[in-house]
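Peer 1: Okay, here's the structure, questions in a sec.
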């Protein structure tokens, strides 16, 4: 199932609800499905984040989407504004 939650001049935000058999390990099943969906989103030129943010579930795909320049800029801002690394370490970008 899918609904459009927000519409913008350059696209829309689609919210999907996926229902499937859980199998023996529902967390592993969900993880495989989520990773496959993220790969398709990036391959189609979509964005991995929205107004809910990135979080650890989307972090690795966000880094790929942002690219080296974007990640470098975000790391520079983080170093400047949070030099002790206290604010959400490893959530938006992997920790080094």
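In the working numbering, the protein residues as written are 4 to 99. The C-beta atom is built at its ideal place from N, Cα and C for all residues, glycine as well.
1. Quick one: what does DSSP say residue 51 is sitting in, helix, strand or coil?
2. Just reading off the beta strand (DSSP E) that residue 14 is part of, what are its end residues?
3. Taking buried to mean at least 16 other C-beta atoms within 10 Å of its own C-beta, is residue 41 buried or exposed?
4. Hey, could you find the ends of the beta strand (DSSP E) residue 80 is sitting in?
5. If we count the other Cβ atoms within 10 Å of its Cβ and call it buried at 16 or more, is residue 30 buried or exposed?
6. Can you have a look at residue 69 and say buried or exposed, based on whether 16 or more other CB atoms are within 10 angstroms of its CB?
7. On the CB-based measure, 16 or more other CB atoms within 10 Å of its CB, does residue 65 come out buried or exposed?
8. Going by beta carbon distance, what residues of the same chain come within less than 6 Å of residue 53, once the five residues before and after it are set aside?
9. Along the chain, where does the alpha helix (DSSP H) containing residue 43 start, and where does it finish?
Peer 2: In this structure, then:
1. Collapsing the DSSP output to three states places residue 51 in coil.
2. Run containing residue 14: 14-19, per the beta strand (DSSP E) assignment.
3. Under this definition residue 41 is a buried residue.
4. Counting along the chain, no beta strand (DSSP E) covers residue 80; the unbroken alpha helix (DSSP H) around it starts and ends at 58-84.
5. Counting Cβ neighbours within 10 Å, residue 30 comes out exposed, since fewer than 16 surround it.
6. It is buried - the Cβ of residue 69 has at least 16 other Cβ atoms within 10 Å.
7. Using a 10 angstroms sphere on the CB of residue 65, the tally of other CB atoms reaches 16 or more, which defines it as buried.
8. Excluding five sequence positions before and after residue 53, the CB atoms of its chain that fall closer than 6 Å to its own CB belong to 16, given in chain order.
9. Start and end: 29-46.
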